[in-house]
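Undergrad: Protein chains in written order, with the working numbering: chain A, 4 to 187; chain B, 4 to 187; chain C, 4 to 187; chain D, 4 to 187. Beta carbons are placed, not taken as given, at the ideal position from N, Cα and C, and that holds for glycine. All values derive from a computational prediction rather than experimental measurement.
4 protein chains.
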Amino acid sequence: MPHYQIAVIIGSLRRDSINRQLANGLIQLAPAEFSFKVLEIGDLPLFNQDCDEHPTASVTRLKNEIAAASGLLFVTPEYNRSIPGVLKNALDHGSRPHGRNSWAGKPAGVVGASLGTIGTAVAQQHLRTILAYLDVPTLGQPEAFIQIRDGFLNDAGAIANDNTRLFLQGWMDRFAAWVKLHAG
Amino acid sequence: MPHYQIAVIIGSLRRDSINRQLANGLIQLAPAEFSFKVLEIGDLPLFNQDCDEHPTASVTRLKNEIAAASGLLFVTPEYNRSIPGVLKNALDHGSRPHGRNSWAGKPAGVVGASLGTIGTAVAQQHLRTILAYLDVPTLGQPEAFIQIRDGFLNDAGAIANDNTRLFLQGWMDRFAAWVKLHAG
Amino acid sequence: MPHYQIAVIIGSLRRDSINRQLANGLIQLAPAEFSFKVLEIGDLPLFNQDCDEHPTASVTRLKNEIAAASGLLFVTPEYNRSIPGVLKNALDHGSRPHGRNSWAGKPAGVVGASLGTIGTAVAQQHLRTILAYLDVPTLGQPEAFIQIRDGFLNDAGAIANDNTRLFLQGWMDRFAAWVKLHAG
Amino acid sequence: MPHYQIAVIIGSLRRDSINRQLANGLIQLAPAEFSFKVLEIGDLPLFNQDCDEHPTASVTRLKNEIAAASGLLFVTPEYNRSIPGVLKNALDHGSRPHGRNSWAGKPAGVVGASLGTIGTAVAQQHLRTILAYLDVPTLGQPEAFIQIRDGFLNDAGAIANDNTRLFLQGWMDRFAAWVKLHAG
Numbered sequence: 004m005p006h007y008q009i010a011v012i013i014g015s016l017r018r019d020s021i022n023r024q025l026a027n028g029l030i031q032l033a034p035a036e037f038s039f040k041v042l043e044i045g046d047l048p049l050f051n052q053d054c055d056e057h058p059t060a061s062v063t064r065l066k067n068e069i070a071a072a073s074g075l076l077f078v079t080p081e082y083n084r085s086i087p088g089v090l091k092n093a094l095d096h097g098s099r100p101h102g103r104n105s106w107a108g109k110p111a112g113v114v115g116a117s118l119g120t121i122g123t124a125v126a127q128q129h130l131r132t133i134l135a136y137l138d139v140p141t142l143g144q145p146e147a148f149i150q151i152r153d154g155f156l157n158d159a160g161a162i163a164n165d166n167t168r169l170f171l172q173g174w175m176d177r178f179a180a181w182v183k184l185h186a187g
Numbered sequence: 004m005p006h007y008q009i010a011v012i013i014g015s016l017r018r019d020s021i022n023r024q025l026a027n028g029l030i031q032l033a034p035a036e037f038s039f040k041v042l043e044i045g046d047l048p049l050f051n052q053d054c055d056e057h058p059t060a061s062v063t064r065l066k067n068e069i070a071a072a073s074g075l076l077f078v079t080p081e082y083n084r085s086i087p088g089v090l091k092n093a094l095d096h097g098s099r100p101h102g103r104n105s106w107a108g109k110p111a112g113v114v115g116a117s118l119g120t121i122g123t124a125v126a127q128q129h130l131r132t133i134l135a136y137l138d139v140p141t142l143g144q145p146e147a148f149i150q151i152r153d154g155f156l157n158d159a160g161a162i163a164n165d166n167t168r169l170f171l172q173g174w175m176d177r178f179a180a181w182v183k184l185h186a187g
Numbered sequence: 004m005p006h007y008q009i010a011v012i013i014g015s016l017r018r019d020s021i022n023r024q025l026a027n028g029l030i031q032l033a034p035a036e037f038s039f040k041v042l043e044i045g046d047l048p049l050f051n052q053d054c055d056e057h058p059t060a061s062v063t064r065l066k067n068e069i070a071a072a073s074g075l076l077f078v079t080p081e082y083n084r085s086i087p088g089v090l091k092n093a094l095d096h097g098s099r100p101h102g103r104n105s106w107a108g109k110p111a112g113v114v115g116a117s118l119g120t121i122g123t124a125v126a127q128q129h130l131r132t133i134l135a136y137l138d139v140p141t142l143g144q145p146e147a148f149i150q151i152r153d154g155f156l157n158d159a160g161a162i163a164n165d166n167t168r169l170f171l172q173g174w175m176d177r178f179a180a181w182v183k184l185h186a187g
Numbered sequence: 004m005p006h007y008q009i010a011v012i013i014g015s016l017r018r019d020s021i022n023r024q025l026a027n028g029l030i031q032l033a034p035a036e037f038s039f040k041v042l043e044i045g046d047l048p049l050f051n052q053d054c055d056e057h058p059t060a061s062v063t064r065l066k067n068e069i070a071a072a073s074g075l076l077f078v079t080p081e082y083n084r085s086i087p088g089v090l091k092n093a094l095d096h097g098s099r100p101h102g103r104n105s106w107a108g109k110p111a112g113v114v115g116a117s118l119g120t121i122g123t124a125v126a127q128q129h130l131r132t133i134l135a136y137l138d139v140p141t142l143g144q145p146e147a148f149i150q151i152r153d154g155f156l157n158d159a160g161a162i163a164n165d166n167t168r169l170f171l172q173g174w175m176d177r178f179a180a181w182v183k184l185h186a187g
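1) Output needed in chain order: residues of the segment 130-152 of chain D with a Cβ under 9 Å from some Cβ in chain A.
2) Rank C/VAL113, C/SER15, C/THR167, C/ILE162 by C-alpha distance to the C-alpha of C/GLY74 and give the top, closest one.
3) How would you label C/ASP153, buried or exposed, when you count the other beta carbons within 10 angstroms and need 16 or more for buried?
4) Which residues in the same chain have their Cβ closer than 6 Å to the Cβ of B/GLY28, if we skip the five residues on either side of it in sequence?
5) What does A/LEU184 touch in chain D if you count any residue whose Cβ is under 8 Å from its own?
6) Just to confirm, are D/ASN22 and D/VAL78 a CB contact at a threshold of 8 Å?
7) Classify B/ALA60 as helix, strand or coil using the three-state DSSP reduction.
8) Give every residue of the same chain whose Cβ lies closer than 7 Å to the Cβ of D/THR120, excluding the five residues on either side of it in the sequence, and list them in chain order.
9) What residues in the segment 5-19 of chain D have a beta carbon less than 9 Å from any beta carbon of chain C?
10) Let me confirm a value: B/ALA35 is counted as buried when at least 16 other C-beta atoms fall within 10 Å, else exposed. Which label applies?
11) Applying a beta-carbon distance threshold of less than 8 Å, which residues of chain D neighbour C/GLN52?
12) Is the CB-CB distance between C/LEU65 and C/LEU94 below 8 Å?
13) Within the chosen definition, does the segment 118-138 of chain C reach the segment 78-93 of chain C through at least 3 CB pairs nearer than 8 Å?
14) Let's see if you can read the secondary structure: which residues bound the beta strand (DSSP E) around D/VAL11?
15) Can you tell which of C/ARG17, C/ILE30, C/GLN8, C/HIS6 has the C-alpha that lies nearest to the C-alpha of C/GLY160?
16) Return yes when the Cβ of B/ARG131 is within less than 8 Å of the Cβ of C/ARG131, no when it is not.
17) Quick check: is the beta carbon of C/PRO113 nearer than 8 Å to any beta carbon in chain D?
18) Going by C-alpha distance, which of B/LEU142, B/PHE148, B/ARG103 is nearest B/LEU118?
19) Quick one: is A/THR59 buried, meaning 16 or more other Cβ sit within 10 Å of its Cβ, or exposed?
20) Is A/VAL139 helix, strand or coil by DSSP?
21) Could you spell out where the beta strand (DSSP E) holding C/LYS203 opens and where it closes?
22) So, A/ILE86 versus A/GLY14, is the Cβ gap smaller than 8 Å?
23) Under 8 Å by Cβ, that's how I've got C/ILE9 and C/PHE37 pegged, so tell me the actual separation to the nearest angstrom.
24) Can you pull the DSSP bridge partners for D/ILE162?
25) Excluding the 5 residues flanking D/GLY122 on each side, which residues of the same chain have their C-beta closer than 6 Å to its C-beta?
26) Just how far apart, CA to CA, sit A/GLN24 and A/ARG18?
27) List the residues of chain A whose Cβ lies closer than 8 Å to the Cβ of C/ILE21, in chain order.
28) By the DSSP assignment, the alpha helix (DSSP H) with D/GLY97 in it spans what residues?
29) Kindly give me the distance between the Cβ atoms of C/THR139 and B/GLY143, rounded to whole angstroms, as I take these residues to be in contact under 8 Å.
30) So, does the CB of D/LYS66 fall closer than 8 Å to a CB anywhere in chain C?
31) So is A/ALA26 in contact with chain C if we call contact Cβ pairs under 8 Å?
Structure (structure tokens):
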């Protein structure tokens, strides 16, 4: 049976990030043949093209982990109506050097958590623009703008609210099918 | 006579950045009552909300320099159809902590340099979205998507090509008037 | 005392448009020296560059009404994560023919109403991109993504909910100051 | 052998539209099992939700033609840093009424022609945002921002310039594979 390794990229470095909680809850809804690895992006240097040919160990690790993945799961907050700088910095590193874009061809899904109701819609549009350029086929619907409140995960680490869990199960089913279609 | 101090934010960390060249050429076209200071953004940490209340010296310096400025000049490349992560990271730092957005109310202009013809149009749109949210009044026209070739600056450090210099002089005149209008 | 005539452009043609309700409620919060006129955009033809030099009466009327205004108030729903085609069509007509952009220099504000919580944030970003290109100085903050429920306007035609009215009063005060600053 | 019928949507109504020329040139590069039909969008009414349940014959025709297609080819100019209102109006009609989005699931490609060098990059980003929402899987790379000059098509109606034809052949090959993958 084929196995699908998904690289998870979380746009926030906060220890108690609600997007990390969302990722954790979502991962539990995946089919058995999927596994997930959260990529570390907090130890990357700020991208500087002068260093393209002498990447740090953290950059090389990131690119290797992307290359090893069958698909990508982006879970990100919105900062100032765009994606966080820390996430864009990781995207920039993975795309370089010129001609060695590690993201290309990896099927992806995009979700985001927010505390308020306005949500992460604009950030996700910017991310989709970037992913299209990086040649990353990205799942369209269902969009997922998830409002997180205390108690999002129950004591067992699962999504507590039935409606939210059902919605995200539907999202995960579409995502899994999308990865399988594109991972060939 | 009033004096206008402009904070210049360059989106690339490359030593020989063409956007730095563009900034240098542009600054020379400013009225006498304007001075310019390029802000260092390459020594900022990756933004982490957990550190909001204990900023590094580099973050405090950035926020003080923004606060001291009468206006903002963004000069940025496009990376992967958006602004560089390094620039977004600086924007995120300057906007924090919640309620202490240093950018608010500072009039701004946006220009960008590229080697190819496609230019920096999409990055500038993302930047404009972010700046509107940060309550930064941003000059609309003329847009400036500048193609840079060898010899952009002559030996005296001025813009070599007559048409480009004339266009950028017109841009600077509009920018200066915009700053004066909003700086009250 | 100077008088400010504001052209109101509503992105929906529905008779019972919630954005029309929002416009009506908002207009009542304006200072005494402001008056408002809703522009008709539902009788414009689909823009065709071949007709640039022979505009219909509706196109000429639209351009004259824009020219006569001191400022612009856009009140629009989001359709399919962008502005409605009907609104973009009006923007295109007002911008033409080449060199005779009627929108240029008119200070503007952008608000939007939705039934759901996701709101009109992405549409407003697209609109801001277009307005920047059209050289329309557009108010940044406060953003206004208004959720409309039955009873938004009371029997007297005023905004029923105290918090919403207070928020929109603050919006209108900022908008009025913005128009005055730019209308010189 | 399976056959693929592609609906072509051209964003300009001009008789001598350079985007129509681009579409005509591109169609000739398609594999034998592909055929193309340009959809008429110039006779659609401006979208009004009140008419959702009583569509004009032109709206019904559009929706039927989309439904019959295996894929979508968008060829569009940029107007005022977004897609033309006429194109957005067609997208809005095809997406309605609620729950009967005709575009959903149809694989698509996006190209654009311009006279100048800045091209259609921003319009294409807005279009990609809309298409993602409409659940249209859209080809990422190669992007196609085509500068059109006199003599783009030769007397035989083929793309005259060798480099441009070669580039667009590569684009068409990727597009055809994308349609086949998603048309299942």
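TA: Walking through what the data contain:
1) ARG131, THR132, LEU134, ALA135, TYR136, LEU137, ASP138, VAL139, PRO140, THR141, LEU142, GLY143, GLN144, PRO145, GLU146
2) C/VAL113
3) exposed
4) LEU156, ILE162
5) LEU184, HIS185
6) yes
7) helix
8) GLN150
9) SER15, LEU16, ARG17, ARG18, ASP19
10) exposed
11) SER15, LEU16, ARG17
12) no
13) yes
14) 7-13
15) C/ILE30
16) yes
17) For the sequence presented, residue 113 of chain C should be read as Val rather than Pro. No - not a single Cβ of chain D is within 8 Å of the one on C/VAL113.
18) B/PHE148
19) exposed
20) coil
21) Because chain C is modelled from 4 through 187, residue 203 of chain C falls outside the range shown and cannot be assessed.
22) yes
23) 6 Å
24) D/LEU156
25) PHE148
26) 10 Å
27) Within chain A, no residue comes near C/ILE21; the closest Cβ sits about 17 Å away, beyond 8 Å.
28) 88-97
29) Here residue 139 of chain C turns out to be Val, not Thr, going by the sequence shown. Rounded, the Cβ-Cβ distance is 6 Å, consistent with contact.
30) no
31) no
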